[in-house]
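Peer 1:
Residue numbers (the working numbering): 2 to 118.
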């Protein structure tokens, strides 16, 4: 089993920055890629960014050039640096870890990000 704990959410004005962190514990060796997803009120959960255990990254078009995902394997932590935040970035952000073998995902409890205009 893997446990994911997010932190770093909060309220920020448009144009501001936040950094989210997600610490993984448990069967760390079983984790392959990690990532961030978000869910705004009334909308489906959507991918924000992912990073493989080798460091390859992928971003949603809506955050390219503004958000940066990174990973510190020594600390079992994945980060999401969010710059130039917009009101439409307001959502609950969820950390995701995917098992190396098979199609199985672990999820964190979510951290809320609110961007005021």
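All C-beta atoms in this analysis are idealised placements derived from N, C-alpha and C, irrespective of residue type, glycine included.
From a predicted model like this one, the values you see are computed outputs, not experimental measurements.
1) Determine, using beta carbons only, whether residue 31 and residue 100 come nearer to each other than 7 Å.
2) Alpha carbons only, please: which of 43, 28, 112, 36 is nearest the one belonging to residue 61?
3) Here's a check: name, in chain order, each residue in its chain whose Cβ is nearer than 6 Å to the Cβ of residue 33, leaving out the five neighbours to either side.
4) Below 8 Å, how does it come out for the stretch 77-90 and the stretch 20-29: are there three or more Cβ pairs, yes or no?
5) Please classify residue 5: is it buried, with 16 or more other beta-carbons within 10 angstroms of its beta-carbon, or exposed?
Peer 2: On the basis of the supplied data:
1) yes
2) 36
3) 54, 99, 101
4) yes
5) buried
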